[in-house]
Amino acid sequence: MEIGLLFMMALKKVQIINNTVDFNESKDNHLSIQLSLDGFSFCVIDKNTNEVNLIKHISFEKSSSTPEKHLKNVEIVFKTEDVLNKRYNSVNVSHVNDLSTLVPKPLFDPNHINSYIKYSSKTYKNDYIVYDEIENHDMFNVFIPFVNINNFLLEKFGSFEYKHFSSILIENLLNTYKFSERPHLFVDLHNDHFEIVAIANNKLVLYNSFRYKTEEDFIYYILFTAEQLNFNPEKFELVLSGSVVKDDTYYKIAYNYVRNISLLENRSKYTFCDSFNEEIKREYYTLLNQY
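No gaps in the numbering here: position 254 of the sequence shown is 254 in the numbering used here, and each next residue is one more.
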């Protein structure tokens with residue numbers, strides 16, 4: 001590794017691995033990758049057994065402030081993580097950023113995708129804009145991917161599918177909770193941002209992303225969103241996922257203000273070895289559900 005690039009690598013690493021698996025035999029494995037400016041996560045799934053055999057997260061010491069620095073961080077990950085350089089049966093990628101907007105299907109025109117996102121995100125003339133279809137829910141998610149990272153991955157893997165991570169989050173929550181009668185606010189918590197997905201009457205009523213620094217910021221945005229949606233704090237269900245556990249300050253402050261609060265349960269179609277606890281499954285919910 002080049003010494004001059006060391007400062008960009010991680011202080012935090014998370015790795016859960018099934019030690020009974022030989023990852024050199026990867027022809028029947030699927031690789032899921034999640035990209036963000038401050039980290040890189042991936043998991044390996046055996047397509048024959050539907051078992052998740054490895055999950056790993058590498059956080060960058062400093063958030064990637066330019067596309068060039070982001071690419072350099074990802075290149076270093078591939079140099080240091082041998083398992084990423086195996087051959088895989090299939091690969092998919094999710095992009096974590098706040099450069100996305102939802103468009104109802106009746107209003108969507110693929111020839112005008114630039115016009116949708118410019119109202120919610122700062123865009124530039126040369127931005128590459130794409131969209132996901134939220135299947136079976138009559139909406140599209142228009143977003144700006146990390147194009148230079150996609151190009152790098154294309155050279156590595158030849159082909160892969162990619163989506164915005166919010167498409168995965170929304171689609172999975174709608175499919176899981178579509179028959180619930182009680183209004184729900186789902187909060188997916190990350191290092192410096194969190195996403196809120198509101199579902200009521202079997203439909204998505206809101207998706208938004210918020211930056212935060214303190215637990216007071218966190219609860220303010222939750223209560224403000226609930227108020228705007230006329231969700232009664234005594235009746236709606238607040239469900240937390242991502243980087244949260246019951247004994248941390250974010251759970252505790254939410255518990256003080258919302259009557260019905262819980263942590264997102266694992267309802268994965270995959271199996272896991274004993275090393276995968278519920279905390280890991282909850283923290284990497286979107287990664288584990290993107291394939």
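Even glycine gets a Cβ: it sits at the ideal position worked out from N, Cα and C.
Since the model is a prediction, treat every value here as computed from it, not as a measurement.
Take the alpha-carbon of Y255 and the one of I222: they are about 12 Å apart.
Secondary structure note for V245: it is in no beta strand (DSSP E), with a DSSP letter that is neither H nor E. Sequence-distant partners of F276 (beyond 5 residues in either direction) whose C-beta falls short of 8 Å from its own C-beta, in its chain, are I16, V52, I55.
Looking at the DSSP output, C43 shares a beta bridge with S32, I55. Only buried fits P145, as 16 or more other CB atoms lie within 10 angstroms of its CB. Nearest C-alpha to T20 among L173, D274, I196: D274. Sixteen is the threshold: when 16 or more other Cβ atoms of the shown chains lie within 10 Å of the Cβ of F194, as they do, the residue is buried. For Q290, no beta strand (DSSP E) encloses it, and the DSSP letter there is neither H nor E.
Its Cα nearest to that of F42, the residue I58 stands out among E133, I58, T214. The bridge partners DSSP lists for S100 are F143.
Straight across, the Cα-Cα distance linking L102 with E75 is about 31 Å. Taking every protein chain shown into account, the CB of E181 has fewer than 16 other CB atoms within 10 angstroms, so this residue is exposed.
Residue range 90-95 is occupied by the beta strand (DSSP E) that includes N92. The three-state secondary structure of R282, taken from DSSP, is helix. DSSP, read as helix, strand or coil, puts S275 in coil.
Contact between the region 151-166 and the region 113-120 is absent: fewer than three C-beta pairs spanning the two stretches fall below 8 Å. Nearest neighbour of L169 by Cα position, chosen from V130, F218, L264, turns out to be L264. Within the model, the alpha-carbon separation for K235 versus I199 is close to 13 Å.
Excluding sequence positions up to five before and after Y162, its CB lies within less than 6 Å of the CB of V93, all in the same chain and listed in chain order. Going by beta carbons, V130 and F140 fall outside the 8 Å limit.
Counting only runs of 3+ residues, the beta strand (DSSP E) found wholly inside the region 109-182 occupies 130-134, 139-143, 161-164, in chain order. At a Cβ-Cβ threshold of 8 Å, H30 and N85 do not count as neighbours. Taking each of L206, F160, P233 in turn and checking the Cα distance to I219, the smallest one comes out for P233. Minimum Cα-Cα distance from K47 among the listed residues Y270, R87, E278 corresponds to Y270. Secondary structure remark: continuous alpha helix (DSSP H) runs of at least 4 residues inside the region 197-235, in chain order: 215-228. Between V96 and L35, the C-beta spacing is below 8 Å.
Boundaries of the beta strand (DSSP E) harbouring H184: 184-189, taken from the DSSP string. Scanning S243, N202, D248, L99 for the CA closest to the CA of I280 turns up S243. With 16 or more other CB atoms across the displayed protein chains lying within 10 angstroms of its CB, D188 is buried.
Contact annotation, N201 with F179: C-beta distance approximately 11 Å; criterion of less than 8 Å not satisfied. Here I16 is bridged, per DSSP, to I55.
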